[in-house]
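Engineer: Just dropping this structure here.
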Amino acid sequence: METLRQVQSFGSFVASNRASWLVFIIILVTCCSSLHIRARPLIPNSPFLSIWNAPTEVCTEKIRVQLDMRLFHLVGSTLKTSTEQSITIFYANRLGNYPYIDENTAETFNGGIPQLCSIEHHLKKARDDINFYLPSDEQVGLAVIDWENWRPLWIRNWKSKDIYRQVSVEFVQQKDLSLSETQARTLAKMEFEAAAKSLMLQSLKLGISMKPNHLWGYYLYPDCYNYDYKQNPHNYTGSCLDIEIERNNELNWLWEESTALYPSVYLETALRSSKNAPLFVRNRVQEAIRVSNVSNSTCPLPIFVYTRPVFTDFNQEYLSQDDLVNTIGESAALGVSGIVIWGDLNLTLSVNTCRTLDSYLRHTLNPYIINVTMAAKICSQILCHDSGACARKNWNSSDYLHLNPENFVIQMSRNGKYSIQGQPSFQDLQRFIEKFYCRCYAGYNCEPSVDINDIHYINACISEDICVQVSLNSFSNLLIMPYGMITNNSPQVSNIQYSKFDLYWLGVSDHKSHGVFLFFH
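Taking our numbering, I'd label the letters of the sequence shown as residues 36 to 556.
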């Protein structure tokens, strides 16, 4: 029987010579012939990445509150002065001459509408901006363009964005006074969409050509506009309307040129600990998965799902454990490449906000990231031999990649370091096989497993000191243990003096399966 390959050390990707990274990124979006595949991980042996995108340096540098970012694979700030980061977000005023209209004052910038934007001047400034924020040609990371003032499809510029349609109609009427209202709107639509497409595509192509080691895409693309959970809370399904799926198909030109997708699953308080939240999230992520296969079904784009640690309409309240399951947990279970946790200066305004963030990281967010990242890693070893990522067999189910709380505890010592104690049971591994399947990485020689008897060794590490290791001998003994018991072959667990710890239950309600115990020294 074939033995599971051991995981390379967490730090091995850092030691790789930089010249190899360009080849790696090219392979990441290079085609292969396998079925049920997913884009290769940006960081080797990391099926699910956690990425931090918030100005937390304000807490550490100015307010002197140290925040633990060690569990995040990539960390980047949103501040305008921050450069050379592993994740960079290009807002409207940070990439070229983005045309937009102030919806409150009607003041226009850079022509206001795409038709009046000089592509030549825009690309010249965009080149300078890219070189400023991403000076290195060798650095690997994510490059996210965040242009939200208007949408490239005419029909989607509704409500306050209708001003772009109005100004576009006025523009064509100024050029030809003989046009009827219908003719003017038809022509304005054609000109607007053509100019918007050109601006977005040429900006994207410029970034990819200049910094190919970064994965380029637009924030909030794709979107499926399944926001009717307020109007229809009792019968909400989260489904993306057929018309919105058709409209996303009209954006195939964008999916074909992007090298990553960055959908968003930000939560409002209306979805706080709500049964509608996972429906909202999983349908949006599933639409991104569909779109990722549009240009070539054998070469899907990597998907990094944007989420927030707080609610969009009440940024002083952090997401609960249930809310994290409904966002991060949903994304991981669907098999995406990772999540990006975005935050603004509201997180770091004062000593109090920094301390609140610190407490949230230590007690809630970091332990959950350990939970889901480790579960994804173990599942990848079991089902994919480290050559793919696990995804739900039934995408619209409530099956999650979680560690079993009856078999695992997460500890945090007084110096703030985390560790995992425990081992998976036979039933834990069987559950992965029953509920998940392997999506092989593009370009990998991947033969998914379906037989637990093929498993001889598990060595899953998500950092240098957070590992779960099960040898052939201890695992054989483990298989005969009753479900829910921690094997005696784990001396660290059996020797724990529980009276010396404060116990925190990282609760996950029954329908969401497994949570994890967290102990503090």
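Heads up, the beta-carbon is just placed ideally off N, CA and C, and yes, glycines get one too.
So, does the stretch 152–167 touch the stretch 258–269, judging by three or more C-beta pairs under 8 Å?
Structural biologist: No, the stretch 152–167 is not in contact with the stretch 258–269.
Engineer: Taking only the alpha-carbon atoms, compute the straight-line gap between ASN450 and GLY478 and give it to the nearest angstrom.
Structural biologist: Their backbone Cα atoms lie some 41 Å apart in a straight line.
Engineer: Should SER203 go down as buried or exposed, given a rule of 16 or more other Cβ atoms within 10 Å for buried?
Structural biologist: It counts as buried.
Engineer: For LYS412 and ASN406, what's the separation of their Cα atoms in angstroms?
Structural biologist: Using only the alpha carbons, I get a separation of about 10 Å.
Engineer: Let me confirm a value: ILE190 is counted as buried when at least 16 other C-beta atoms fall within 10 Å, else exposed. Which label applies?
Structural biologist: Exposed, by the Cβ-count rule.
Engineer: To the nearest angstrom, how far is the alpha carbon of TYR297 from that of ILE363?
Structural biologist: Distance between the alpha carbons of TYR297 and ILE363 is about 14 Å.
Engineer: Between the C-alpha atoms of ILE455 and ILE497, what's the straight-line distance to the nearest angstrom?
Structural biologist: Approximately 10 Å between the Cα atoms of the pair.
Engineer: Could you give the first and the last residue of the continuous alpha helix (DSSP H) run that contains PHE206?
Structural biologist: Where PHE206 is concerned, the enclosing alpha helix (DSSP H) stretches over 197–210.
Engineer: Run through DSSP, which three-state label would THR140 get?
Structural biologist: In the structure shown, THR140 sits in coil (DSSP, three-state: anything other than H, G, I, E or B).
Engineer: Return the first residue and the last residue of the alpha helix (DSSP H) that VAL326 is part of.
Structural biologist: Here the alpha helix (DSSP H) through VAL326 covers 311–327.
Engineer: For ALA495, list the residues DSSP reports as bridge partners.
Structural biologist: ALA495 pairs with VAL503.
Engineer: With DSSP run on the structure shown, which of helix, strand or coil describes VAL64?
Structural biologist: For VAL64, the pLDDT reaches just 42, beneath the cut-off of 50, and the residue's location in the model is therefore unreliable, although a value from the coordinates is still provided. Note: VAL64 maps to coil in three-state DSSP.
Engineer: Pick helix, strand or coil for LEU538, following the three-state DSSP scheme.
Structural biologist: Note that LEU538 scores a pLDDT of 32, beneath 50, so its modelled location is shaky; the value from the coordinates is reported in the next line. It is a strand residue.
Engineer: Please report the distance separating the alpha-carbon of GLN465 from that of GLN150.
Structural biologist: If you take the alpha carbons of GLN465 and GLN150, they lie about 57 Å apart.
Engineer: Quick check on GLU183: does DSSP put it in helix, strand or coil?
Structural biologist: Three-state DSSP puts GLU183 in coil, outside helix and strand.
Engineer: Apart from the five residues on each side of it in sequence, which residues of its chain come closer than 7 Å, Cβ to Cβ, to GLY370?
Structural biologist: ARG73, ALA424, CYS425, ALA426, ARG474.
Engineer: Ignoring anything shorter than 4 residues or poking outside the stretch 355–401, list the alpha helix (DSSP H) runs there in chain order.
Structural biologist: Within the stretch 355–401, the complete alpha helix (DSSP H) runs of at least 4 residues are 356–359, 365–368, 386–395.
Engineer: Quick check on ASN512: does DSSP put it in helix, strand or coil?
Structural biologist: Unreliable placement is indicated for ASN512, whose pLDDT of 47 sits below 50; no coordinate value is reported for it.
Engineer: Just verifying my parser: in three-state terms, what is the DSSP assignment at ASN192?
Structural biologist: Residue state, collapsed to three classes: coil.
Engineer: Tell whether a beta-carbon distance below 8 Å holds between LYS246 and ASP172.
Structural biologist: Closer than 8 Å, so yes.
Engineer: Are the CB atoms of LEU359 and TYR395 nearer to each other than 8 Å?
Structural biologist: Their beta carbons are not under 8 Å apart, which means LEU359 does not touch TYR395 by this criterion.
Engineer: For TRP251, which residues does DSSP report across the bridge?
Structural biologist: Note: TRP251 sits in a beta bridge opposite ALA178.
Engineer: For ASN132, tell me which candidate among LYS159, LEU214, GLU142, TYR254 has the shortest Cα-Cα distance.
Structural biologist: The shortest C-alpha separation from ASN132 is found at LYS159.
Engineer: Going by beta-carbon coordinates alone, are THR118 and TYR199 separated by less than 8 Å?
Structural biologist: Going by C-beta atoms, THR118 is not nearer than 8 Å to TYR199.
Engineer: Leaving out five residues on either side along the sequence, give the residues of the same chain with a beta carbon under 6 Å from the beta carbon of LEU392.
Structural biologist: The residues are LEU382.
Engineer: Can you tell me which of the three DSSP states VAL58 falls into?
Structural biologist: Here the model assigns VAL58 a pLDDT of 43, short of 50, so the residue's position is not dependable, and the following value carries that caveat. The answer is helix: DSSP assigns VAL58 an H, G or I state.
Engineer: Looking only at its chain, what residues have a beta carbon closer than 7 Å to the beta carbon of GLU303, apart from the 5 residues adjacent to it on each side?
Structural biologist: Within the same chain, GLU303 has close Cβ partners PHE346, THR347, ASP348.
Engineer: With DSSP as the reference, please indicate the residues paired to LEU306 in a beta bridge.
Structural biologist: LEU306 is not bridged to any residue.
Engineer: How is the beta strand (DSSP E) around TYR472 delimited, first residue to last?
Structural biologist: From DSSP, the beta strand (DSSP E) with TYR472 extends over 471–476.
Engineer: Using only alpha-carbon positions, find the residue among VAL316, PRO90, THR95 that is nearest to ASN433.
Structural biologist: A small fix is needed here, since residue 433 is Ser in this sequence, not Asn. Selected option, being the one with the closest Cα: VAL316.
Engineer: Helix, strand or coil for TRP430, going by three-state DSSP, please let me know.
Structural biologist: Three-state result, TRP430: coil.
Engineer: On a CA-only basis, which of LEU384, LEU354, SER385 is nearest ILE376? Give me that one, please.
Structural biologist: Comparing Cα-Cα distances from ILE376 to each of LEU384, LEU354, SER385, the minimum goes to LEU354.
Engineer: Can you have a look at LEU418 and say buried or exposed, based on whether 16 or more other CB atoms are within 10 angstroms of its CB?
Structural biologist: So LEU418 ends up on the buried side.
Engineer: Quick one: what does DSSP say TYR262 is sitting in, helix, strand or coil?
Structural biologist: Three-state DSSP puts TYR262 in coil, outside helix and strand.
Engineer: Check each candidate in LEU306, THR123, MET235 and name the one with the smallest Cα separation from SER153.
Structural biologist: Nearest C-alpha to SER153: MET235.
Engineer: Give the secondary structure of LEU276 by DSSP, where H, G and I count as helix, E and B as strand, and everything else as coil.
Structural biologist: LEU276 falls in the coil class under three-state DSSP.
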